[in-house]
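So the sequence lines, in the order shown, correspond to chains R and F. Numbering that gives the first Met the number 0 numbers the first residue of the first sequence as 0 and each following residue consecutively. Numbering that gives the first Met the number 0 numbers the first residue of the second sequence as 0 and each following residue consecutively. Backbone N, C-alpha and C fix where the C-beta goes; we use that ideal spot for every residue, glycine too. All remarks here apply to the structure that follows.
Protein chains: 2
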Amino acid sequence: MTPGPTPVAPETQLAMAAPIIHHRAPQFMEILGEVREGLKYLFQTRQEVLIFAATGTGAMEGAVANTLSAGDQALVVDGGKFGERWTELCNVYGVKAGRLGVEWGRAVDPQAVAKMLDDNPAIKAVFVQANETSTGVQHPVKELADVTKNRPGTILVVDAISALGGYELPMDEWGVDVLVAGSQKAMMLPPGLAFAALSDKAWEFVKASTLPKYYFDFAKARKSQEKNQTPYTSPVSLILGLQEVLAKIRRDGLEKVFAHNRRLSEATKAAMKAMGLELYSKDYSSVVLTAAMAPAGVDGQKVVAELRKRGIWIAGGQAQAKGKIFRIAHMGYIDEVDLVGAIAGLEIVLNQLGYKVALGTGVQAANQVLGKEAAA
Amino acid sequence: MTPGPTPVAPETQLAMAAPIIHHRAPQFMEILGEVREGLKYLFQTRQEVLIFAATGTGAMEGAVANTLSAGDQALVVDGGKFGERWTELCNVYGVKAGRLGVEWGRAVDPQAVAKMLDDNPAIKAVFVQANETSTGVQHPVKELADVTKNRPGTILVVDAISALGGYELPMDEWGVDVLVAGSQKAMMLPPGLAFAALSDKAWEFVKASTLPKYYFDFAKARKSQEKNQTPYTSPVSLILGLQEVLAKIRRDGLEKVFAHNRRLSEATKAAMKAMGLELYSKDYSSVVLTAAMAPAGVDGQKVVAELRKRGIWIAGGQAQAKGKIFRIAHMGYIDEVDLVGAIAGLEIVLNQLGYKVALGTGVQAANQVLGKEAAA
Chain R
0 MTPGPTPVAP ETQLAMAAPI IHHRAPQFME ILGEVREGLK YLFQTRQEVL
50 IFAATGTGAM EGAVANTLSA GDQALVVDGG KFGERWTELC NVYGVKAGRL
100 GVEWGRAVDP QAVAKMLDDN PAIKAVFVQA NETSTGVQHP VKELADVTKN
150 RPGTILVVDA ISALGGYELP MDEWGVDVLV AGSQKAMMLP PGLAFAALSD
200 KAWEFVKAST LPKYYFDFAK ARKSQEKNQT PYTSPVSLIL GLQEVLAKIR
250 RDGLEKVFAH NRRLSEATKA AMKAMGLELY SKDYSSVVLT AAMAPAGVDG
300 QKVVAELRKR GIWIAGGQAQ AKGKIFRIAH MGYIDEVDLV GAIAGLEIVL
350 NQLGYKVALG TGVQAANQVL GKEAAA
Chain F
0 MTPGPTPVAP ETQLAMAAPI IHHRAPQFME ILGEVREGLK YLFQTRQEVL
50 IFAATGTGAM EGAVANTLSA GDQALVVDGG KFGERWTELC NVYGVKAGRL
100 GVEWGRAVDP QAVAKMLDDN PAIKAVFVQA NETSTGVQHP VKELADVTKN
150 RPGTILVVDA ISALGGYELP MDEWGVDVLV AGSQKAMMLP PGLAFAALSD
200 KAWEFVKAST LPKYYFDFAK ARKSQEKNQT PYTSPVSLIL GLQEVLAKIR
250 RDGLEKVFAH NRRLSEATKA AMKAMGLELY SKDYSSVVLT AAMAPAGVDG
300 QKVVAELRKR GIWIAGGQAQ AKGKIFRIAH MGYIDEVDLV GAIAGLEIVL
350 NQLGYKVALG TGVQAANQVL GKEAAA
């Protein structure tokens, strides 16, 4: 239940263990055709969703290198560990990135972004995380898109690596210009695939961009995919896993997937509250991840370490939040059994580390949320 | 038996189907430590072998972006479809790439390279394929390294994507500066991992390089790996497969792996000769791939198509060789049963397409080679 690579379902593992198909074979092209449709459904877009053999960071790099040019100005929303990545990427490519710092645990204020764009209309791109995994905050993507969508000179680039497939992010409807995702979180696959989808406006930016790109060349990838191919060797086994996962998502329907995560999230947050634990995220607490403050006098890293001894994997804090928090991911192939078990373990470990909480408090609160629909 | 993604052994498939481990977990770091040692053995180097979640092209891009700067001069040996890729990469990054054209089916003459470097000492890098998959030719890497190794201002960059693990390429001993490989050929894994190893000389070039890089940042990757980590999320399942494959290679020993491929190669070439078929590669015919000329009046693409109907997968020609040749890969997880069966199918198909060859001619010649050691 870490926000790193999340568990993969056995049926997906089996799909990926199928014999290797040649990536130019008609059989594989048919699979890629189906995968392309499934990705459009998941991204809620009519645009091509580009597939790369890489982890999400590769697609983030592509988002910078394909839409901007050296000397361009950009604005990076930086409210956690992953916000910094956008800044590093801009620096590498000579893009002048202004930084809108957001206190860790807080969401960005869309009006602050609007003001910065008003003050400096030369800003060509706003970079943001949909879900800041290091703090458990969801930034208000819809409201940010409202700010950028009527500005023809500015695109909104969203890292949804830990968000897409976890909760509602309809890119076309909201007007997101570039949406980047990865295979290893809510998509329930092993790491190794990165995705990017672009709005018509962003594709216009691609035409003007002069930064160097080759492996992550978006225009070339789109051209290939429209022929049910990829420019280079396809990561065949991961694509077979992707086919399996996307078919399941389409069968279940996005709304059901999102409702599952919402339910787990609400149960987790209820359990934290019942145990007297504060959330680290002060606003827009994430549907896919709960970041809780360690109680006074308890080291968050020790909570994580003790739970690992019991076979329960959650994550600690990073950088300035290290030791202060612990993070429970509830996305992808995770169910109520996993969740209630993890909370039970947490109660035991907190007591062990000196924070007295009556055993059963957290699991009771969680199960009151989980059982609601059965009672209704 | 195509030179694309090659078959993966069932035991490797099972290793990759193991439950996902967190990429920062001690257990995974231990695995990465073992994998790092196995890669050094395979590359025959004391240098760190960098691992990327990507296909081989990504590491090729990294080789350009990490060692050169815009405006630098380079020399690309271009004797097939994959030689062109180095030129494209140089063009994207503003590296001025001179081209040493080599007739398709021929190997580059190291003396021609030496002359070009004498004429233009500003050339900072020579780019070449170890094995040109489109023509079935092995370029003389050792002799090319002899040309570059005493020139402190020039590095030799070798794409060994379809070669490494197939035959002898001891990078440290020969003095290769950058060796790039991929997981999906002789390494017997699914596509999705790319590798690069650099000599001390090449690491000096990295210090001077000013081209932008982030996902394929070699210095950052080395620093992470020395702590048994990767800079971004590790492609955990592929790394588990890699661990399995590398353990097997170390158990068997490189010499045994190479001898296996040599034996299959010699058997294939004997079969072609016995059937009266000419090789497309006029010199240094590849140990991992045999490119044969289709007989007069027979379309090479039809040979491939008819064999596919029989469940036998070989490859046709590409670009200027399309229709003229067909290519049989004999690398990785391929044995004599596969090979003799494929040659039997080829005899039948050639007859069917109007080229009369006594049935059994090819398989007899192949088996005379294959059985030699048993008789000895």
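Can you tell me whether residue i is helix, strand or coil according to DSSP?
i               : result
G152 of chain R : coil
V336 of chain F : helix
D216 of chain R : coil
D77 of chain F  : strand
D118 of chain R : helix
E167 of chain R : coil
Q224 of chain F : helix
I160 of chain R : coil
L345 of chain R : helix
M292 of chain R : strand
L178 of chain R : strand
E87 of chain F  : helix
I238 of chain F : helix
A320 of chain R : helix
A269 of chain R : helix
R249 of chain R : helix
S284 of chain R : strand
Q363 of chain R : helix
Q46 of chain R  : coil
G104 of chain R : coil
Q300 of chain R : helix
I311 of chain R : coil
Measure the Cβ-Cβ separation of residue i and residue j and say whether it is below 7 Å.
i               : j               : result
Q242 of chain R : I30 of chain R  : yes
I160 of chain R : G55 of chain R  : yes
V177 of chain F : V156 of chain F : yes
G135 of chain R : S285 of chain R : yes
E47 of chain R  : Q228 of chain R : no
A291 of chain F : L306 of chain F : no
A273 of chain F : T360 of chain F : yes
K212 of chain F : A64 of chain F  : yes
K323 of chain R : G316 of chain R : yes
A162 of chain F : V179 of chain F : no
V7 of chain F   : V76 of chain F  : no
H184 of chain F : T5 of chain F   : Strictly speaking, residue 184 of chain F in this sequence is Lys, with His absent from that position. Taking 7 Å as the Cβ cut-off, K184 of chain F and T5 of chain F qualify as a contacting pair.
V175 of chain F : H138 of chain F : no
G410 of chain R : A52 of chain F  : No answer is possible for residue 410 of chain R: the residues shown for chain R start at 0 and end at 375.
F215 of chain R : G340 of chain R : no
G104 of chain R : S280 of chain R : yes
With burial defined as no fewer than 16 other Cβ atoms inside 10 Å of the residue's Cβ, what is the status of residue i: buried or exposed?
i               : result
G331 of chain F : buried
P234 of chain R : buried
G3 of chain F   : buried
T431 of chain R : Missing from the structure shown is residue 431 of chain R; chain R here goes from 0 to 375 and no further.
L358 of chain R : exposed
A376 of chain F : Missing from the structure shown is residue 376 of chain F; chain F here goes from 0 to 375 and no further.
N260 of chain F : buried
T11 of chain R  : buried
G370 of chain R : exposed
T132 of chain F : buried
For the ligand NAD, I want to know if residue i counts as a neighbour, meaning its beta carbon is within less than 6 Å of at least one of the ligand's heavy atoms.
i               : result
S284 of chain F : The ligand NAD is not part of this structure, which contains no ligands at all.
Exercise for the section: For the region 8-40 of chain F, enumerate the residues whose C-beta is nearer than 9 Å to any C-beta of chain R, in chain order. Expected result: P9, Q12, L13, M15, A16, A17, P18, I19, I20, H21, H22, R23 and A24
Exercise for the section: Decide if the region 297-310 of chain F is in contact with the region 258-270 of chain F; the criterion is three or more beta carbon pairs, one per stretch, under 8 Å apart. Expected result: no
Exercise for the section: Quick one: which residues of the region 140-169 of chain R get their C-beta closer than 8 Å to a C-beta of chain F? List them in chain order. Expected result: none
Handout entry: Selection of the region 291-314 of chain F by Cβ proximity to chain R, strictly under 9 Å
Key = R307, W312 and A314
Practice task
Using a Cβ-Cβ cut-off of less than 8 Å, give me the residues of the region 172-199 of chain F that come near chain R, in sequence order.
Solution key: G181, Q183, P189, P190 and G191
Practice task
Scan the region 219-248 of chain F for residues whose Cβ lies nearer than 7 Å to a Cβ of chain R and list them as they occur along the chain.
Solution key: Flagged, chain order: Y231, T232, S233, P234, V235, S236 and L237.
Exercise for the section: Inspect the CB distances between the region 87-99 of chain R and the region 93-108 of chain F and report whether three or more fall short of 8 Å. Expected result: no
Practice task
Could you please tell me which residues of the region 76-96 of chain F, in chain order, have their CB closer than 8 Å to any CB of chain R?
Solution key: E87, L88, V91, Y92 and G93
Problem - Touch test, the region 248-262 of chain R against the region 80-87 of chain F, Cβ-Cβ under 8 Å, three pairs minimum - result: no
Exercise for the section: Compile a chain-ordered list of the residues in the region 201-221 of chain R whose CB is closer than 9 Å to at least one CB of chain F. Expected result: L210, P211, K212, Y213, Y214, F215 and D216
Exercise for the section: With 9 Å as the limit, tell me which residues of the region 109-143 of chain F have their beta carbon closer than that to any beta carbon of chain R; keep them in chain order. Expected result: none
Exercise for the section: Could you please tell me which residues of the region 59-73 of chain F, in chain order, have their CB closer than 9 Å to any CB of chain R? Expected result: M59, E60, G61, V63, A64 and A69
Practice task
Tell me, please, whether the region 55-74 of chain F touches the region 31-45 of chain F by the rule of three or more beta-carbon pairs shorter than 8 Å.
Solution key: no
Handout entry: Residues from the region 271-289 of chain R in contact with chain F, defined by Cβ distance under 9 Å
Key = none
Problem - Interface residues of the region 335-346 of chain R facing chain F [CB-CB below 8 Å] - result: none
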